[in-house]
Amino acid sequence: MLSDHSPAVIAIPKIEYVKARSFKFHNFLTTKDDFIPVVKRVWSNKVEGFAMFCLVSKLKLLKKPLRKLCFEQGNLFVIVRKLKFDLAAVQSAMNVDPHNNSLRAEELRVLKEYKIALK
């Protein structure tokens, strides 16, 4: 803005509002043994206030422990991709030698790991 009497330039900063992320977690975490104890431990915390405030506060407290639990699981997509590759390799080796018991045992082991990773 310019004026003849008192020249000045006014810069109005643009305020950007940061929207908080909503509460989300991966469904496969519910099958882990540590899931229920983590949720019980966080949910037992006493929070004062209205019911919705208590709920939101407990969900915020639950975010970090669930992220840690997910991180301890490892990169699930890489693990599944590797197990899929291993399973395909064992199955192709079984096509060459179908009566090899060690290959059957290896296929069973990899298949169990693959099913566990998909849960």
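According to our numbering, the sequence shown is numbered sequentially starting from -6.
The C-beta atom is built at its ideal place from N, Cα and C for all residues, glycine as well.
Y107: member of the alpha helix (DSSP H) spanning N94 to L111, first to last residue. Note that the C-beta distance between A110 and I72 is below 7 Å.
Contact between the stretch 58 to 76 and the stretch 22 to 30 is present, with at least three C-beta pairs closer than 8 Å. For the pair K57 and I5, the Cα-to-Cα distance works out to about 37 Å.
In this structure, F16 sits near L52, with a CB-CB distance shorter than 7 Å. For the set I29, S50 and F28, the Cα lying nearest the Cα of N38 is the one of S50. Counting along the chain, D79 sits inside the alpha helix (DSSP H) bounded by residues L69 to V89.
Here V103 is buried: its Cβ has 16 or more other Cβ atoms, across all protein chains shown, within 10 Å.
Rounded to the nearest whole angstrom, the C-alpha separation of N93 and M87 is 7 Å. Between E106 and V83, the C-beta spacing is not below 7 Å. Annotation: the continuous alpha helix (DSSP H) that includes R60 extends over A44 to Q66.
L55 is the residue among L55, H(-2) and F78 whose C-alpha sits nearest the C-alpha of W36.
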